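Enquirer: Each number in the working numbering corresponds to the 1-based position in the sequence shown with 168 added.
C-beta: ideal position from N, C-alpha, C; glycine also.
Every value quoted in this text rests on a predicted model; they were computed, and no experiment measured them.
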Amino acid sequence: MSLGNSLRIGTSGMQLAQLGLGTVSHNIANINTVGYSRQQVQTSATSANGFGNGVQLDSIQRITDRFIASRQINAGSDTAFATQRRTLMESLENTLSNAGSQGGLDATVGSFIESLNQASNEPGNSALKRNVIQQADLLARTLQDVGGKLKTIATDADNAISADLAVTNQIIKDIYNLNIQITAQGLSSSNGANANDLLDARATKINQLAERFKIQVSENTSNGGVRITTENGRKLVDDVSYVQLTRTTGSPYSAISVQNVKVDGTLDPTLFDINTATLTSGKIKALVDVRDTNVPNLLAQIDQFTSTLITQVNRLSSQGSSFPPVRALTSANTTVMSSTASNMFTDLDPALANQSFHISVVDTLGNPVASTINGTAVTIPGLPGPYSLTNLANTINANGAVSATMTATALTNSDGRPILQIQANNPNHRIVLSNNSSGNPLGILGMNNLFTGTSSTNIAVASGMLNNPDNLPTARMRTTDGGLSSLDNRNITDLAKLADTKFSIPAAGGLAAQTATLVGYTTQVAGNLAVQVADAKDRVSFNENLKQQLDQSLSSIAGVNINEELSQMLVYQNSFQASARIITVVNEMLQELVNIIR
């Protein structure tokens, strides 16, 4: 082996030691850099003609664990999904628990029932009747508020989807640009140059993308590029092209679609939908689920409760009367019909068939002036009809017991909707109605409703009672003569009994059909939501713990250990000094040879 070869060997050792020191320094400098993976110099011996020829650089290796990194990506999706879902579910729970001024929806319902109990003890007390109407109004406004806030949560979730898609688009573009740089650099470490920092930057972006969508990542081992798709196979980016996410027309909310980005940077007009129903994880999936499932389910439960409340309260309200009664009563439920001439059996309710009711005309003291109670009740014929509001008005007006003292009219209200009005002819006379049998024709017609509306969107207290609480129907027609007693509390007592009455409530929003009281149903709605919130919290805890374990596992492999790096620094320092010493010795020997020649 020649001295020149020894000089080259020493030089290669110094160069590798210098490169190693640079790598160690880079590791130490990035010890606190999020997503940084430590780098390690890989070398091998070289030879020439069977003789050692020093050391050469094989690569500067990026230390990581692909299996753990892959699990970390999935854990990031699951954690982001669970965290976003918990936040939104807590918002839903707060909407119910903070509803009204009584400390929750069930408490507001309880206050309304209690006001009915109090009024039933003193049916003539105007202050107590006013309290009933105030509590009914509070309940109606609370239900409206709950329904409105639930819809706002859904709208906010939809807006958050749009905002997240904008962020996602930038992440996808960044990954594409990093792909281009990585494939251009290549995976080899020529003269120490490498793509390791670019790979770290891309890994960070991939984790950010995974927080929004659960993704599948496949790497091209030949050039280092990655192909990323959603879990249901829609391509997002590779080393040749990428897409941008956009909102497209949908109902009730805009859909999510992708458009390919052309070479010139413009968007291809062809849209490809992302089927969010097949997604399982990621922040955007949580937003979609709460928007499309959790909010509609809870709103359906609230609307089912509201519908039951309106139906049951109005069922009793419509067969009662205030004291003193009112001169005219108007049907509220017939506004759903197409016209005053349409068939009530098809447009309103077939249960009206063969039903009958009584009409009394009384003075301001409740004494009967005329009544059908001891004569012929107003009877609606059987199916199939047709039988219209106009027909019913004619039937009422043809009843000889009361026809001279009152008039029934089928007309349209200010909104152009069909109604039936029964009015005393004498301004000093009043109208009292009563169902004649076990049926509920007056409730179906809505002749003296306490509540108007059909759902949490439009429930309200009837304006006639809201403006004059003394119109609250506390009493009922006497079965003996059709008159009305001032201290009669039969109707308000039955209204108060709603607290303990169980009703058949249809299935709604994931809750099975059941028999329950009004308060019992609201309690079950709140309890069902509480179970979902608790589950959401448990999932956050589980996924955060799993992700933390994976982060720690990957950090123990890929993270920078300052003690190891300082130790390695000493190794490279000593190696550099030793290689320099070789060069010094060879130089001295060469000098001796030169001197001998002289």
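#1: Would you mind working out which of SER623, ASN626 and LEU601 sits nearest GLY614, comparing C-alpha positions?
#2: Would you report the Cα separation of ILE590 and ASN604, rounded to the nearest angstrom?
#3: Thinking C-alpha only, which one of ILE725, ILE348, ASP583 and THR389 is nearest ARG370?
#4: How close, in whole Å, do the beta carbons of LEU377 and ILE339 come, if the pair is a contact with beta carbons under 8 angstroms?
#5: Under the rule that 16 or more other beta-carbon atoms within 10 Å means buried, what is LYS670, buried or exposed?
#6: For ASN233, which residues from the same chain have a beta carbon less than 8 angstroms from its beta carbon, with the 5 sequence-adjacent residues on both sides left out?
#7: Taking only the alpha-carbon atoms, compute the straight-line gap between GLN353 and ALA216 and give it to the nearest angstrom.
#8: Can you tell which of THR503, ARG239, GLU399 and LYS453 has the C-alpha that lies nearest to the C-alpha of LEU333?
#9: Using a C-beta cutoff of 7 angstroms, does MET645 count as contacting chain D?
#10: Return helix, strand or coil for LEU497, following the three-state DSSP convention.
#11: Just grab the DSSP bridge partners of GLY433 for me.
#12: Can you give me the start and stop residues for the alpha helix (DSSP H) that ASN262 sits inside?
#13: Should GLN470 go down as buried or exposed, given a rule of 16 or more other Cβ atoms within 10 Å for buried?
#14: Thinking C-alpha only, which one of LEU686, GLN523, ILE599 and PHE219 is nearest VAL529?
#15: By the three-class DSSP mapping on this structure, what secondary structure does LYS403 have?
#16: According to DSSP, what are the bridge partners of HIS526?
#17: Can you list, in chain order, the residues of its chain with a C-beta nearer than 7 angstroms to that of ARG707? Leave out the 5 residues immediately preceding and following it.
#18: For the candidate residues ARG206, LEU455 and PHE710, whose alpha-carbon lies nearest to that of LEU256?
#19: Look at the alpha carbon of ALA681 and the alpha carbon of PRO674, and state the distance between them as a whole number of angstroms.
#20: Quick check on SER606: buried or exposed, where buried means 16 or more other Cβ atoms within 10 Å of its Cβ?
#21: Could you check what DSSP says for GLY218 in three-state terms: helix, strand or coil?
#22: So VAL447 and GLU399 are in contact, right, with Cβ under 8 angstroms, and what is the actual spacing, rounded?
#23: With distance defined between alpha-carbon atoms, name the residue in ILE236, SER288, THR214 and SER212 nearest to PRO641.
#24: Given a threshold of 16 other Cβ atoms within 10 Å of its Cβ, counted over all protein chains shown, does LYS430 qualify as buried or as exposed?
#25: The alpha helix (DSSP H) spanning GLU712 covers which residue range?
#26: How about ALA628 and GLY621: do their beta carbons lie closer than 7 angstroms?
#27: As a quick exercise: from THR372, GLU261, GLU712 and ARG495, pick the residue whose alpha carbon is nearest that of ASN616.
#28: Taking the DSSP output, what are the residues bridged to PHE671?
#29: Quick check on the DSSP output: the alpha helix (DSSP H) that includes GLU290 runs from which residue to which?
#30: Buried or exposed: where does MET645 fall if 16 or more other Cβ atoms within 10 Å of its Cβ makes it buried?
#31: With 16 other CB atoms within 10 Å as the buried threshold, where does ASP668 fall?
#32: Go through its chain and collect everything with a Cβ distance to SER330's Cβ below 7 angstroms, but skip five positions before and after it.
#33: Whole angstroms are fine: how far does the CA of THR417 sit from the CA of ARG239?
#34: Taking the alpha carbon of VAL537 as the reference point, which residue from GLU756, THR508, VAL458 and THR573 has its own alpha carbon closest?
#35: What is the C-beta distance between GLY181 and SER735, in whole angstroms, given that I count them as a contact (C-beta under 8 angstroms)?
#36: With a threshold of 8 angstroms, are at least 3 pairs of Cβ atoms found where one atom belongs to the region 546-565 and the other to the region 496-515?
Expert: Quick answer:
#1: Counted from its first residue, the sequence shown places residue 614 at position 446. Selected option, being the one with the closest Cα: LEU601.
#2: Residue 590 sits at position 422 when you count from the first residue of the sequence shown. Residue 604 sits at position 436 when you count from the first residue of the sequence shown. Rounded to whole angstroms, ILE590 to ASN604 spans 17 angstroms at the Cα level.
#3: Locating residue 370 in the sequence shown gives position 202, where the first residue counts as 1. That would be ILE348, whose Cα lies nearest to the Cα of ARG370.
#4: Along the sequence shown, read from residue 1 onward, the residue named residue 377 stands at position 209. Along the sequence shown, read from residue 1 onward, the residue named residue 339 stands at position 171. In this structure LEU377 is in contact with ILE339, their Cβ atoms being roughly 5 angstroms apart against a cut-off of 8 angstroms.
#5: The sequence position of residue 670 within the sequence shown is 502, counting from 1. Classification for LYS670: exposed.
#6: Here residue 233 refers to the residue found at position 65 when the sequence shown is read from its first residue. Position check: residue 233 holds Asp in this sequence, whereas Asn was assumed. Annotation for ASP233: SER721, LEU722, ILE725 and ALA726 place their beta carbon closer than 8 angstroms to its own, counting only its chain and skipping 5 residues before and after.
#7: Counting from 1 along the sequence shown, the entry for residue 353 is found at position 185. Counting from 1 along the sequence shown, the entry for residue 216 is found at position 48. Taking the straight line from one Cα to the other gives about 30 angstroms.
#8: Locating residue 333 in the sequence shown gives position 165, counting from the first residue. LEU333 has its Cα closest to that of LYS453, out of THR503, ARG239, GLU399 and LYS453.
#9: The chain labelled as chain D is not found in the depicted structure, where only one protein chain is given.
#10: Taking the sequence shown and counting its residues from 1, one reaches residue 497 at position 329. The three-state reading of DSSP puts LEU497 in strand, counting E and B together.
#11: As a first step, residue 433 must be located in the sequence shown, where it is residue number 265. None, per the DSSP bridge assignment.
#12: Here residue 262 refers to the residue found at position 94 when the sequence shown is read from its first residue. Looking at the DSSP string, the run of the alpha helix (DSSP H) that includes ASN262 is 234-265.
#13: Here residue 470 refers to the residue found at position 302 when the sequence shown is read from its first residue. Reading the sequence as shown, one finds Ile at residue 470 and not Gln. So ILE470 ends up on the buried side.
#14: What you label residue 529 is simply residue 361 of the sequence shown in a count that begins at 1. Minimum Cα distance to VAL529 is reached at ILE599.
#15: Taking the sequence shown and counting its residues from 1, one reaches residue 403 at position 235. The three-state secondary structure of LYS403, taken from DSSP, is strand.
#16: Indexing the sequence shown from 1 puts residue 526 at position 358. Beta-bridge pairing links HIS526 to SER602.
#17: The residue labelled residue 707 in the question sits at position 539 within the sequence shown. The residues ALA250, in chain order, have a CB closer than 7 angstroms to that of ARG707 in the same chain once the five nearest residues on each side in sequence are set aside.
#18: Locating residue 256 in the sequence shown gives position 88, counting from the first residue. Looking at the Cα atoms, LEU455 is the closest of the given residues.
#19: Stepping through the sequence shown from its first residue, residue 681 is reached at position 513. Stepping through the sequence shown from its first residue, residue 674 is reached at position 506. Straight-line spacing of the CA atoms in ALA681 and PRO674 works out to 4 angstroms.
#20: Numbered from 1 along the sequence shown, position 438 holds the residue referred to as residue 606. It is exposed - the Cβ of SER606 has fewer than 16 other Cβ atoms within 10 Å.
#21: Taking the sequence shown and counting its residues from 1, the one referred to as residue 218 is at position 50. Here DSSP, grouped into helix, strand and coil, assigns GLY218 to coil.
#22: Taking the first residue of the sequence shown as 1, we reach residue 447 at position 279. Taking the first residue of the sequence shown as 1, we reach residue 399 at position 231. For the record, residue 447 in the displayed sequence is Leu; it is not Val. LEU447 to GLU399, Cβ: 6 angstroms. Contact.
#23: Taking the first residue of the sequence shown as position 1, residue 641 is located at position 473. The shortest Cα separation from PRO641 among ILE236, SER288, THR214 and SER212 belongs to SER288.
#24: As a first step, residue 430 must be located in the sequence shown, where it is residue number 262. Residue burial annotation: LYS430 is exposed, with fewer than 16 other C-beta atoms found within 10 angstroms of its C-beta.
#25: Within the sequence shown, numbered from 1, the residue matching residue 712 stands at position 544. GLU712 -> alpha helix (DSSP H) spans 686-726.
#26: Locating residue 628 in the sequence shown gives position 460, counting from the first residue. Locating residue 621 in the sequence shown gives position 453, counting from the first residue. With respect to GLY621, ALA628 sits close: the two C-beta atoms are nearer than 7 angstroms.
#27: In the sequence shown, residue 616 corresponds to position 448, counting from 1. Distance from the Cα of ASN616 is smallest, within the candidate group THR372, GLU261, GLU712 and ARG495, for ARG495.
#28: As a working note, residue 671 is residue 503 in the sequence shown. For PHE671, the pairing in a beta bridge is given by DSSP as ALA684.
#29: As a first step, residue 290 is located in the sequence shown; it is residue number 122 there, counting from the start. GLU290 -> no alpha helix (DSSP H), and no H or E assigned at all.
#30: Position 477 of the sequence shown holds residue 645. MET645 sits buried, since 16 or more C-beta atoms from the chains shown fall within 10 Å of its C-beta.
#31: In the sequence shown, residue 668 corresponds to position 500, counting from 1. Flag for ASP668 reads exposed.
#32: Numbered from its first residue, the sequence shown carries residue 330 at position 162. Short of 7 angstroms from the beta carbon of SER330, and not among the five residues preceding or following it, lie these beta carbons of its own chain, in chain order: ARG415.
#33: On the sequence shown, position 71 is the one that residue 239 refers to. On the sequence shown, position 249 is the one that residue 417 refers to. Each residue's Cα considered, the two are about 35 angstroms apart.
#34: Counting from 1 along the sequence shown, the entry for residue 537 is found at position 369. Nearest Cα to VAL537 within the set GLU756, THR508, VAL458 and THR573: THR573.
#35: Numbered from 1 along the sequence shown, position 13 holds the residue referred to as residue 181. Numbered from 1 along the sequence shown, position 567 holds the residue referred to as residue 735. GLY181 to SER735, Cβ: 19 angstroms. No contact.
#36: Flag = yes, the region 546-565 and the region 496-515 touch.
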